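Line order of the protein sequences matches chains S and W.
Start counting the first sequence at 2; every next residue gets the next number (this note's numbering).
Start counting the second sequence at 4; every next residue gets the next number (this note's numbering).
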Amino acid sequence: MRSIRIIWRILKETYQSIKFSGMSNFMVISILTVTLALFGGVLQFNSSIKQIYQNLDNQLEFSIYLIEGAETKAIAQKISQIEAVKKVDIIPKDIAWRTFRDKFGFSEDSSNPLPDTLHVNVKRAQDLNPVIEQIKNYSGIEQISYAPQLFQGLRRVRSILFSFGLFITLILAISTITIISNTIQLIVKSRSLEIKILRLVGVDDWYIRGPFITHGIFYGLVSSLIAIIPLIIFQNFVWNSFQTSFKTIMPLTFSFDSGNELGLIFVIMFLTGIIVCGTSSYMVTNRYIKV
Amino acid sequence: MIKFKNVSKFYGPIKALDNINFEIEAGEMVFIVGPSGAGKSTLMKLLYREERNTHGQILINNIDVSSLSEDKIPYLRRRMGIIFQDFKLLPNKSIFDNIAYGLRGLGVSEFEIQKRVAGALNLVGLLERAEAFPDELSGGEQQRVGIARAIVQGPPLVIADEPTGNLDPKTSIEIFNLLKSVSLRGTTVIVSTHNHKIVKEFKERVLVLEDGKLVNDTLLSTVSNPYA
């Protein structure tokens, strides 16, 4: 019963502390919301790019055009023995020519200029270049066709944006922690008389520090809840319309859905906000409230 | 109840208290007198562990206060009431809430708080002013609130650090009389003051400090001194 009374009184003191802070609350929550939204955005972006990447991984295919008279089956078998190779399909020149002819309306009399072709699938995106490097020196190969720029470009964009986003988040996080610490410090100083009275009456240390720590946690809680809103809007409107547009210009059937990770991102943002704010407040009380 | 054994306190190279020895029995009322800078406030602060002695031992009910770990300090302070020269009242809280504030922090129920605060206010004669705010009271009345706050938990020891420092002589006598009545209820009361003229009138034990040294204890000495 006593513990419940004390917890209830800590919450009342927290309310007083929040009320006392006035406009400082607005400032702290605004900056913290931007920081958390950016942090969540970086996580969301990374998750989406990872999703695209995984989809591309499933379709990592390149074509090998063989020279006339090459041992098609032997080459195909040799390639399929490479560890990173998932599948090798042989497209004989006759079938390839028939498909091409039907598609572009050439007459049956035309001579077949196409060679035998192998379609090779690798297991992962990072296997693509090493496998191509290994195969290109095999005898009987005329040309290898693939689109490394897409994968490499995507990887580079992901890496740059992720690092940049985290860097900005880190800068903002440091600013936010500083502002939270200063705000809590101001409250601690302005309530120094109350703190002193409580200390000298023999009130437990955690009761004295409690309202300041819960005040910090309040900032984290409110800011993370607000920060989630722009992410939901981005996910449901901006990202989905981008996905639709992108699908129409890409021959591959991508899935951009990062929705399954959105819940996890929210939980991470929520916990990050609460832990960072609570810890900052705790450190301030540790520094400025002595027994 | 209280024992000071060879207690010294240094602030860097400055010696605030020098090898202090005395004992105070339960229920005694003791004045600690001396000029400004004699070490009175330092001695009081050592009792409630606001400061820590550099050498020696301070025993309260056989517990060595100087070696008490920080997490045990609140338990020590719950067994004492402290009164300050500047009253230390919260200006935005009523008299009732000022006294109840610490009790709420200790988790005492509202019913019990009502009962105890009313009792303490009654003892200091301010029950009628429970809803007033500190700035509506005179200096003497504010100090009486300070006394009510100190005794509301019924502590066995009350420490008053220059309680009349901001008050006129007539009000000071009222405050000392009030502290005397607290003492008569069985509470040990230690009062520091530089107001030796008033102290003389009370015929209580006096410890005299000068330059951090205990120069006289009226319990042990028959030598006349300027204070007792």
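The beta carbon of each residue, even a glycine, is placed where N, CA and C say it ideally should be.
None of the values given here were measured: they were computed from a predicted structure.
Item                                                                                                                      : Value
Member of W:Ile178, W:Thr167, W:Val185, W:Leu130 whose CA lies at the smallest distance from the CA of W:Gly157           : W:Val185
Nearest-angstrom Cβ-Cβ length linking W:Ser11 and W:Gly42, presumed shorter than 8 Å                                      : That belief does not hold up - the Cβ atoms of W:Ser11 and W:Gly42 are roughly 10 Å apart, past 8 Å.
Extent of the continuous alpha helix (DSSP H) run through S:Thr215                                                        : 206-234
Candidates W:Ala133, W:Gln145, W:Phe205, W:His199: closest to W:Asp100 by CA position                                     : W:Ala133
Whole-number beta carbon distance between W:Ile27 and W:Ile5, since they are thought to touch under 8 Å                   : 4 Å
Close Cβ partners of S:Gln17 (< 6 Å) along its chain, the five nearest in sequence each way excluded                      : none
Boundaries (first-last residue) of the alpha helix (DSSP H) holding W:Asn180                                              : 172-187
Own chain partners of W:Leu20 with C-beta closer than 7 Å, once the 5 adjacent residues on each side are dropped          : Val10, Ser11, Lys12, Gly42, Thr45, Leu46, Gly215
Nearest-angstrom Cα separation, counted from S:Glu143 out to S:Ile76                                                      : 12 Å
Within chain W, partners of S:Arg3 - CB distance below 7 Å                                                                : Gly110
Chain S contact residues for W:Tyr14, given Cβ-Cβ distances below 7 Å                                                     : Going along chain S, no residue has its Cβ under 7 Å from W:Tyr14, so there is no contact; the nearest lies around 17 Å.
Neighbourhood of W:Ala123 by C-beta distance below 7 Å, restricted to the same chain and skipping five residues each side : Ile102, Ala151, Ile154, Val155
S:Lys94 beta carbon less than 8 Å from that of S:Lys124                                                                   : no
Residue closest to S:Asn113, alpha-carbon to alpha-carbon, out of S:Trp98, S:Asn122, S:Ile214, S:Lys104                   : S:Trp98
DSSP bridge partner residues for W:Thr196 (one or two, in chain order)                                                    : W:Val36
The segment 99-113 of chain S contacting the segment 66-86 of chain S, beta-carbon criterion three pairs below 8 Å        : no
Distance, S:Gly279 Cα to W:Gly105 Cα                                                                                      : 25 Å
7 Å Cβ cut-off: residues of chain S touching W:Ile85                                                                      : Leu201
Beta carbon proximity, W:Pro77 to chain S, threshold 8 Å                                                                  : yes
Close beta carbons around S:Ile145, own chain, < 8 Å, minus the five adjacent residues each side                          : Phe63, Ser64, Ile65, Tyr66, Ile133, Ile136, Lys137
Pair within 8 Å by beta-carbon distance, W:Pro137 and W:Leu182                                                            : no
Any chain W beta carbon closer than 8 Å to S:Ile7                                                                         : yes
Within chain S, partners of W:Lys48 - CB distance below 7 Å                                                               : The contacting residues do not exist; W:Lys48 stays about 10 Å from chain S at best.
Cα-Cα separation between S:Ser242 and S:Gly221, rounded to whole angstroms                                                : 31 Å
Any beta strand (DSSP E) of 3 or more consecutive residues that is wholly inside the segment 85-109 of chain S            : 86-92
Contact residues within the segment 16-36 of chain W, judged by C-beta distance below 8 Å to chain S                      : none
Euclidean distance between Cα positions of W:Leu210 and S:Ile8                                                            : 44 Å
Three-way DSSP call (helix, strand, coil) for W:Gly122 in this model                                                      : helix
Contacting positions in the segment 177-199 of chain S - beta carbon closer than 9 Å to chain W                           : Leu194, Glu195, Lys197, Ile198, Leu199
Identity of the residue in S:Lys51, S:Leu263, S:Ile5 nearest S:Ala126 by Cα                                               : S:Lys51
Per-residue DSSP class, three states only, for S:Met251                                                                   : A caution first: S:Met251 carries a pLDDT of 49, below 50, which makes its placement in the model unreliable, though a value can still be read off. Here S:Met251 sits in coil by DSSP.
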